[in-house]
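> Letter by letter, the sequence shown follows residues -24 to -1, 1 to 85 in mature numbering (1 follows the signal peptide of the UniProt record, and there is no 0).
Note that the Cβ used here is the ideal one computed from N, Cα and C, for glycine as well.
Predicted model, so just to flag it, every value in this text is computed and none were measured.
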Amino acid sequence: MRPALISGGLAVLASMALVLPANASGEHAAFYTGTNLTGTKSAVDLTNRECVNIAPQKSATNISNSEIEVFFNADCQKGRPGESSDLYYVLGSLHWGNYPFDAVSYRVR
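#1: Would you identify the three-state DSSP class for L70, choosing helix, strand or coil?
#2: Restricting to Cα atoms, I'd like to know which of V80, H4 and R83 is closest to N41.
#3: Quick one: measure Cβ to Cβ for G2 and Y8, integer angstroms, because I've assumed they're closer than 8 Å.
#4: Decide if A50 is buried, meaning its Cβ has at least 16 other Cβ atoms within 10 Å, or exposed.
#5: May I ask which residues mark the beginning and end of the beta strand (DSSP E) holding F47?
#6: For the candidate residues F48, H71, V66 and D21, whose alpha-carbon lies nearest to that of F77?
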């Protein structure tokens, strides 16, 4: 009886493994006007690899295989707001974050 139970359990796990990739393909990313993913949500176009200027955003989520470069100046210029430096943020795959300054542009890697 025990081998039958193990065999049945393995069959269930195998069928779940086949289902997971189909469900995981729903990649998405979004910015939010408030911290901790609150406020108005704005979707990110993960297929666009160009710089995108956006209204000021305080947080974001990234449920995708892509990384998103987040900038605190327009036109994907690095630096603190209104200043030039090497400061920017990379929102990694399967992460979320709050920003020290409002995000105003981004680029999908």
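By the coordinates alone:
#1: coil
#2: H4
#3: Incorrect: roughly 19 Å between the Cβ atoms, too far for contact.
#4: exposed
#5: I44 to F47
#6: F48
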